[in-house]
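The listed protein sequences correspond, in order, to chains A, B, C and D. Residue numbering for the first sequence follows numbering that gives the first Met the number 0, beginning at 0 and increasing consecutively. Residue numbering for the second sequence follows numbering that gives the first Met the number 0, beginning at 0 and increasing consecutively. Residue numbering for the third sequence follows numbering that gives the first Met the number 0, beginning at 0 and increasing consecutively. Residue numbering for the fourth sequence follows numbering that gives the first Met the number 0, beginning at 0 and increasing consecutively. For every residue, glycine included, the Cβ atom is placed at its ideal position computed from N, Cα and C. Since the structure is predicted, the reported quantities are computational estimates derived from the model, not experimental observations. Each remark here refers to the structure printed beneath this line.
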Amino acid sequence: MSEVLPAEGLLGASWLLIALPLAGAAVLLLGGRRTDRWGHLLGTATVVAAFVLALLCTFQLAGLEERSADVDLFTFISTGDLDVRAGLLFDPLSAIFALLITGVGSLIHVYSIGYMAHDPARRRFFAYLNLFVAAMLLLVLGNSFVALYVGWEGVGLASYLLIAFWYTRPAAATAAKKAFIMNRVGDVGLALAIFLMFAQLGTTSYAGVFGGVGTLAGGTITAIGLLLLLGACGKSGQFPLQAWLPDAMEGPTPVSALIHAATMVTAGVYLIARSAPIYDLTETARTVVMAIGALTLLIGAIAGCAYDDIKKVLAYSTVSQIGYMFLAVGLGPAGYVAGLAHLLAHGFFKAGLFLGAGSVMHAMNDSVDMRRFGGLWKKLPVTFVTFGLGYLALIGFPFLSGYFTKDAIIEATFDRDDWLGWTTGGIAVLAAGLTAFYMTRLMLMTFFGRARWEEGVHPHESPSVMTAPMVVLAVGSVFSGALLVSIFPLSDWLEPVFGEPEEAAHVIAPATIGIALTVIMLLGVLAAWLFVGRREVPVTAPVRVSPVTRAARNALYADTINESLFMRPGQWLTRALVWVDNRGVDGAVNGLAATLGGSSSRLGRAQTGFVRTYALGMLGGAVLVAGALLAVTAG
Amino acid sequence: MIEAPDLSLAALAPLLFVFGAACIGVLVEAFWPRESRHPVQVTVALVGTLGALVTTLLLTVDFEREITAAGALAVDGPALFLQATIAGLGALSLLLFAERALDPARSAFVVSAAVPAGSPRDRELLTVQRVQTEVYPLATFAIGGMMLFVAANDLLIMFVALEVLSLPLYLISGLARRRRLLSQEAAVKYFLLGAFASAFFLYGLALVYGATGSVRLGDIRSASLAGGTDVLLVLGLALLVVGLLFKASVAPFHTWTPDVYQGAPTPVTAFMAACTKVAAFGAILRLLYVAFGTAEWTWRPLVYAVAIVSMVVGAVLGLTQTDLKRMLAYSSIAHAGFLLTGVIGLGAAGDGSGLAATMFYLLTYGLTTLGAFAVLTLVRDGDGEATHLSQWAGLASRSPLVAAVMTLFLLALAGIPLTAGFTGKFAVFRAAIEEGAWPLALVALLASAVAAFFYLRVIVLMYFSPPAGAERGQGPTVGVPGMPTTIVLAITATATLALGIVPGSVLDLAERAAIFVG
Amino acid sequence: MTDFPWLLLMIAVPAVGAAVVAALPKGRDLLAKQVALGVSLVVLLLAVLTAIAFDTGGDRFQLTSSVTWIEDFGVSFALGIDGIALVMLLLIGVLVPVVIGASWNDELPEQRSMKAYFAWLLLLEAMMVGVFAATDVFLFYVFFEAMLVPMYFIIGSFGGPRRQYAAVKFFLYSLVGGLIMLAAVIGLYVVSNSQLGEGTFAFDALRQLDIDPGVQKLLFLGFFIAFAIKAPLVPFHTWLPDSGSEAPIGGAVLLVGVLDKVGTFGFLRYCLPLFPDASRFFAPFVLVLAVVGILYAALLAMGQSDMKRLVSYTSISHFGFIALGIFAFTTEAATGAVLYMVNHGIATGLLFLVVGMLIARGGSRQIGDYGGVAAKAPLLAGAFLVAGLASLALPGTNSFVSEFLVLIGSFPEEPVFTIIATVGIILAALYILLMYQRTMHGPARGVLLQEDPAEPAPGTGGATAVLTAPRRSLRVLDLSRRELAVVTPLVALIIALGVYPQPLLDVIEPAVSATMDDLGGIDQ
Amino acid sequence: MTLTYYLVLAAILFTIGAVGVLVRRNAIVVFMCVELMLNSVNLTLVTFARATGTIDGQIMAFFVMVVAAAEVVVGLAIIMSIYRTRRSASVDDANLLKY
C-alpha cells in the first residue's frame, strides 16, 4: 500500500462526491410532494455534478506525483483501543470506480427521467437512486474497512428499497427481502473479517491493515481473505449466494442497470482488488476466489441459455461476467488489472443492454417474455443498434471492448500454467461460447424473426431522453476495451495500487487465444441460429424438455437448495422453539404457580374444621417438638 | 414470718392503670344506667389503655431496669417497648370496638349473648339500638393480661397472664352481632384449643420447676448453666414453647387461627391479630433469651424449623383463600414465621440485632394488620361485612380512597419498600443473616414472594376488575366510617408510611430498648 | 453549578408532578395531559443541564450528595452519577415526553381515567431517575422495587385484554428477583459490617471490600438473578413478551426502553465492580446465556404473529448483545454495551410507538391483519422502516455503532461467542423485514382496508378477537401532526447518533474503564 | 424413689386427658379432659414441691386451681351458648369454618 498524503485542493472536497447525491436523496425524501415537480431533475443534477467533480478530482490526482490522497473528516468511533476515523481515500482504484459509478449513474438517471415519467412515485424513485449512488461512492471512497462496511450495507439498503420499489407486488417485496438477507449473510463474513483485523492488528484502516498484514500468521491471513470473499460473494451474486441477483429484476429496469453495471455487484470485485495486499499473501484464498469465479461464470452462462425473460437472461449473464472478474482478481497481481478492465467495459455494455431491454419493455407494455417479442429491429431502430453493439461487445466480438478484456483474463488464467489455470481457463473459454449462444438467442428472439406480439401492443421507439444515454453507452462499449487495454492502459494508471505489471511468460500466444475465442464465439452464435433462428419460436415454452434444460431453467436449483437447506428447516426450528418457549420455559413457570396453587388447596383439606383434628395436630406437633429437642440434646 | 415483697409502684403503673380501668369497667357495667353506659365504658377503657401507654413512655425516660414484685415482674426495655406497643394497639382496637356508624344496628357486638342465635328474640334484637358494653372491660382485661405477659419474669406469672389475656378473648370472639353461629363456633374452637394449649404450657412449667426447683427465669438460666440440661428441663422447655407458639399462631400450632379470625367479630380479629401476636412473641423472646439464652443450641434448630414450616404453610395456604379475613389469618401465620426469623437473630452472646428487629417488626405488623382489618369493616353488604374476595372486585372505581388505603396496607404486608413492612422485614432478615442464617432468610424471602401473590390478587380485584354486582346494581357498599374508625385508619396508614420512609427514630428506640434484665 | 442538587430535582419534580396530576379534579383530562407533558419537558431540561454540569474528564461520580437516611442500617440517601448513569438519565428525559405525547389520545379500557395514567407515568419517571442516580445500594434497591408499583398499575389498569395476567406476572417475576437480591444486599452489608467495623451501603465503600470468593459467588448470584430477570436474559425472559404485548404502548416503551436497562446497568454498576472474582468465574455461563438468548429470541421473534410480542422478543435478543458486551470484559465492548442501552431505548422505543400507532388504527395486534399499509400511509411506513432498520443495526443508524462496538470489542476476548452472536444480525434482518413486508408491502388488505365487513380481508381471523380500538377510516390512516411530532425527534436521534456517536462515547468511556479497573484490569 | 410413681401417675393422667380431648365428642367431656390435664399438673407440682422441699409447688397448685375455676366459668358459658343455639354439645357439629 503506497504512502498516503493529506489531500488538499479539490481532492479535499471529494467528500462532496458522497454528500451531493445524499443531499439529493434527503431533499427528495423529506421534501415530500412539494418536490414532485422538479425532484427528478434535482436527483439527476446531483449525480451529474458528482461525476464532474469526480473527473476533476481524477485529473488532479493524475497530476500528483504520489497518486493517492487521504481525506480525513472526523472521528467516527473512538473508544478504548479502537479508533475509527471517518475519512476518504482517493487513489487511482477508487477514482476509476467513482468515475464508473457517477458516469454510468448519471446516464441511468437521465434515462430514468423518461422511463419513470408516468410513475406517480418518480420522486421517491430518484431519491432511492441518489441514495444508492451515495452509498456506493462511500463504499469505494472510504479509507477504512469500517467505512467500506457502512457503504456496503448502505448499498444493501438502497437495493432493497429499489427492488421493492413496486412493493404492492408481492414478488417485488419478496425479491427485495431475499436480496437484503443474502447480502446480510455476506456482510457477516465482512464483519468478522474486520473483527479479526482489529483483534490482530488493532486497526481497521486500509493503511494500518495493509501495513501490518505482513506480520500475521498465514492461517490468519487466509481466514481474513476467505471472510472477505464471503462478503464479496454476497454483494456480487457469486456462488453460493447468487440466487438473489436474478430475482432483483423485480425492480424497475434502470435499477437493474444500476445494480448490474455500475454499482452493487462490482463492489465484490472492488473489495478483493482493494484487499490485494491481503490476497497477495494467501495463495489458498486466491485459489478459492478463482474456483468460485469459474464455477459461477459457468452456472450463470448455463442458466442464461434457458430463460425466456429478457431481463433474467441479462441477469444471469451478469452473474457469469462477474464470475470472469472474480476469476481475474483471483489470479492476483497478474489479473487485477484485467479484471478491473473487464469490470469497466462490462459497466458500459451491460448498462447499455439493460437500458435497451428497458426500452424494449417500454415498447412492449412492460412485457419481458421474449417469446412475445420478435421482429422489433425495424420498430426500434435506435434501441436495436445500441443493443446490438452492446451484444457484440459482450460476446467478445473482435476489437470491441469485451473482446480485449475477456481475452486478457483468459490469457492471464492460462499463464498460471498449472491444473487450476488450465481448468478455470478451459471453463472460461467454454463459457465464452455459451455467452455467445444465449446472447444470440436473445437477439434473435427479440429483434428478428416473426413478430409474436400480443394484440394491442404497438411498439414504438423510446423518447430521446432514453435513447441518448443508450447511444453514449453503446459508444463506450465499442471503444472502452481498446481504450483501456492498449491506447490508455489501465495498468499504468493503477500502477500505484497494484505495483508494476510484470510481463508474464505467455503459455499460449495471445494471438492464438484471440483466434480461439473468436472461433468459439462464432460456434456459439451458429448454435443459437440453429436452435432459435431458423425455426419458428413457439409463444409458450415447450414443456417436454431435456433434464439439462429443466435444470438450467431452474438456475441449477439454487433456490430449491436454499429453501430446503435453510428456509424450511429454519421455519421448523422457529415453530419448534415457539412451542418450547410457551410450553417449556413459560410452562415451567406457570407450572410452578399451578403446583403451588394445587398444593395449597390440597394442604387446605387438612383444615377440616373439626376441633379434635386440630387438637390432634397440636398434640402431634408437641410430640415432634419435644422429640426434636430431646434429639438435639442427646446428639 | 413472711415479709412483704418489694413493689415499685412506678414500674407497675402501666399495669395498674389498665387493670384499674378494667375493674372500674366492671363496676360501671353493674351500676351505671344502661342508656348512657356505652360512652362511659369507652372512655374508661380508653383512659386505661392510653394512660398505660403514657405511663410506659414516661417510664422509658431515664429508667433503670429492675425486677420488682418479688422478682415476679421484669421492667426492662423490651417489656416497656412491648407494653407500649400493646397499649397503643389495644387503644386503637378499642376504637374499632366503639365504632357505631357502620352497622345499621350501631355495633358489631351482639346485644345479649345468652339469646340463642336465630331465635325470634334474637332476630328482633338484631335491629334494636341497644348495644352491649361488657366487651370493653373484657378487652381491657385482655390488654392488661398481655402487658403482664410480656413483663412476666416468672413462669407462674406468665401462666396467669396467659389465662388473663386468653379468657376474655375466648368470650368476645363469640359475641358477633351477625353470623352468630360462626362467631360462637369460633369461640368454642378457640376456647377448647386454647385451654388444651395452656395445659401443655402448665405441664411444661411443672417439669421445669421440677428440674430447676424454681420458676424464676433467672434461676432457670443459672440452673441450666450449672446443671447442664437434663431431660426434664428440655421436655419442660418443649411444652412451654408449644404453649407459646400456639398463642403466636405458629405452624403447626396454627390450626385455630383461620377459623377464629374468620368467625370472630372483625374488630376482635383485629385486636387478636395485632395485640396477641405482640404479647405472645414478647413472652417467647423473654422465655428463650432470658431463661434459655444459654441453651440456645437446643432451641435454635427447633425455631429454625418451625419458622420455615410456618412461613411455607402461611404463604401456600393463603394462595387459595377466598375470604379476606381468612386470607389475613394465613398471612398472620406466615408473618409469625418471619418473626421467628428475627428470633433466630439472637447473637450467641445474647447480643445481635435480633431482639430489636423482632420488636420493631411486631410494631409494624401490628399497625399494618390492624389497619387492614379496619378497612375490612368498611366494606359491607346486606348482612354485615362483605369479606368474600369477589365482592371486592372493582372497589377502586367505587371508592378510590378506601382502595388506596387497603393497597397501602397490602403492599406493606407484602414488604414493598417505602412501607413499614419492608423496614421490618429488612430488620429481621438482616438479624438472621448476621447470624449466618442466610438460608432461612432466603426461604423467608421466597415465602414472602409467594405470599405477595395473594396480596396482589386483592389489588388486582380492586383495581383491574369490573365492579362486582355492577350489572345487578347491587353488590357491597362502602360505609362511611365514624370518628373512631377514621382515627384508626388515619393513624395506622400514617404510621405504615412513616415507618417505611423515616423509620430512624423508632428503630433507635427498639435498639436502645433491646436489653433484657435478669 | 455542580453543587446544585440537579439529581434530587430530577427525582422530586416528576414525583411532585405526579401528585399534582393525580390531585386534579375528575374530568380535567386535557389539563392533566398538559401538566404531565410540561413536567416531563422540565425533567428533560434538567437532564440536559445535568449533562452540561457533568465534567467528562472529572471524577467518576459527580453531582454527588448524601444525607443520612436510616442510621441504624447505615443507609444514606446518596445520589451521584457517572457517565453511564448520565446517558441513561438523558434517555429517560427524552423518552418520557415522547411517550406522553404518544399516549395523548389513547383509548383506555373501560372507565379508566387518563390522569391516573399520566400520574403513574410521572411517578415511574421519578423512580427510574432514582434507580440510576442512587449511589447507595440500599437506596438503589428501594427504587428498584418501588419502581414495580407504578409499572404494575400501568400494565394492569391500562393494558390489553390479558392485562391482569401480565401485570401480576411482571410484578411477581421482578419481586422474586428483587427479594433474592435483597438477601444479597443484606449479605453485602453484613460483610461490610465485619470488615469496616460498621455496616454501610455506600457503593464507594463497598467497592473497597475484598470479599472471600465463596461469599462473592453467592452475593453475585443474588444480584445477577435479579438483574437477569429484569434485563431479561433467557431463560428468565417469559414475562417480557406478556408485559410488552399487554402494556399500553407508552408503558411498553418505558418498560423495554428504560426499566429493563436497570438489569444491564446493574450488571455493569454492581456485579462487576463489587464481585470481580465471581464475575470472572461466572462470565462463561453468562456469555452462554447471552449468546443463546440472541439466537433463541431472534428465532422466536420470527415465529410471532403478534407485533408487540415480536418487538418484545427482539428486545430480548438485543439484551443478549448487551450482556455479551458487558461480560466480555473489554472497554470497547462494555462501552458499546452502554451505548447499546441508550440506542436500544431509542430504536425499540420508536418501533413500539409506530407499531402502537398502527394498532391504534387497525385495532389488531396480529401481523396477518395488515398489508400494503405503505401505499396508504407512507409516513407511517417510513417511520416503521427507520425504526426497523435501526433495530437491525443498519450502518448509519445509532444501533449499528453500539452493536459493532460490542462485537468488535468482544471478539479479541471471546471469539467463539462473538462469531455465534454475529450470526444474529442475519436473523435480525429476517424478523424485521418479514414483519415490514407483511404489514407494509404487498397489495393493500387487512382490517384497515375492508370498507364493508361483508367481504372480510384474508387473515383477519385474530382481528376480531383482539379488537380494542375502533377502526379508523382510511382518510386518517397516515400519521397525524401530533404523531409526527412524537416520531420525529426519535428518528433524528437515530440518524444523528448513527453518524456522530462520539460525544456519548466520550461520556461513557471513562466510567466504563473505571469499572474495568475495579474488575482488576482484565482489559489490557 | 417413691416420688417417681407420683410423677408417672401424673404423666399418665395428663396423657389420658390429652387423649380424651382427641376422642370425646361432647364439648363438656372434652373440657373435663382438659381439666384432668390441669389436675395432673397439680399433682406433678405438689410432687416436685415435696421433692425439692419447697412449698412453691403447692402454692402454684392453688394458683392453677383458681385459674382452672375461671376457665370453667368462661368455658361453660361459651359451650352453653352454642348448645342453646344448636341443641347439641358435640364439638364435631360445629364445623362451618374450615379450609
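Compare the beta carbon distance of residue i and residue j with 7 Å and say whether it is the shorter of the two.
i                : j             : result
glycine 387/C    : glycine 441/C : no
leucine 313/A    : leucine 375/A : no
alanine 411/A    : glycine 334/A : yes
isoleucine 107/A : leucine 136/A : no
alanine 289/C    : leucine 323/C : yes
alanine 554/A    : alanine 302/A : yes
Which whole-angstrom value is the C-beta distance of residue i and residue j, which I expect to be below 8 Å?
i                  : j                   : result
phenylalanine 13/D : methionine 31/D     : Phenylalanine 13/D to methionine 31/D, Cβ: 14 Å. No contact.
alanine 373/C      : tyrosine 166/A      : 6 Å
alanine 231/A      : glycine 207/A       : Contact flag wrong, Cβ pair sits at about 21 Å.
leucine 85/C       : phenylalanine 137/C : Leucine 85/C to phenylalanine 137/C, Cβ: 22 Å. No contact.
tryptophan 119/C   : proline 149/C       : 5 Å
alanine 10/B       : leucine 58/B        : 7 Å
Starting from the C-beta of residue i, find all residues in its chain whose C-beta is less than 8 Å away, skip the five residues before and the five after it, and write them out in chain order.
i                : result
asparagine 561/A : Ala242
leucine 243/B    : Phe200, Ala279, Ala282, Ile283, Leu286
threonine 211/B  : Asp218, Ile219, Ala222, Ser223, Gly226, Leu232
Near residue i, which residues of its chain fall below 7 Å by C-beta distance, leaving aside the five closest residues on each side in sequence?
i               : result
proline 457/C   : Residue confidence is low: proline 457/C scores 44 on pLDDT, short of 50, so the model does not pin down where it sits. Its coordinate-derived value is still stated next. Around proline 457/C: Arg444.
isoleucine 76/A : Val83
glycine 143/B   : Leu14, Val17, Phe18, Ala21, Val163
alanine 392/C   : Ser398, Phe399, Glu402, Ile424, Ala427
At a CB-CB cut-off below 7 Å, which residues of chain D make contact with residue i?
i                   : result
alanine 113/B       : Ser80
phenylalanine 609/A : Asp91, Asn94
Can you name, in chain order, every residue of its own chain whose Cβ lies under 6 Å from the Cβ of residue i, other than the five neighbours on each side?
i               : result
alanine 141/B   : Leu164, Pro167, Leu168
histidine 345/A : Gln320
alanine 440/B   : Phe428, Ala431, Ile432
arginine 308/C  : Pro240, Ser244
threonine 74/A  : Arg84
Strictly below 7 Å CB to CB, what residues from chain B border residue i?
i            : result
serine 156/C : Tyr462, Phe463
At 8 Å on the CB atoms, spell out the chain B contacts of residue i, in chain order.
i           : result
valine 29/D : Leu191
Interfacial residues, the stretch 405 to 418 of chain A to chain C, with Cβ spacing under 8 Å: none
Contact residues within the stretch 74 to 108 of chain C, judged by C-beta distance below 7 Å to chain B: none
Contact set between the stretch 61 to 91 of chain A and chain C, restricted to residues whose Cβ is under 8 Å from the partner: Phe73, Thr74, Phe75, Ile76, Ser77, Thr78, Gly79, Asp80, Leu81
Contact list for the stretch 179 to 192 of chain A against chain C, Cβ threshold 8 Å: Phe179, Ile180, Arg183, Val184, Asp186, Val187, Ala190, Leu191
Proximal residues, the stretch 284 to 303 of chain B versus chain A, C-beta separation under 8 Å: Trp296, Thr297, Trp298, Pro300, Leu301
Near-chain A residues of the stretch 247 to 259 of chain B (beta-carbon distance less than 7 Å), N- to C-terminal order: Pro251, Phe252, Thr254, Trp255, Pro257, Asp258
Interfacial residues, the stretch 137 to 166 of chain B to chain C, with Cβ spacing under 7 Å: none
Proximal residues, the stretch 196 to 221 of chain C versus chain B, C-beta separation under 7 Å: none
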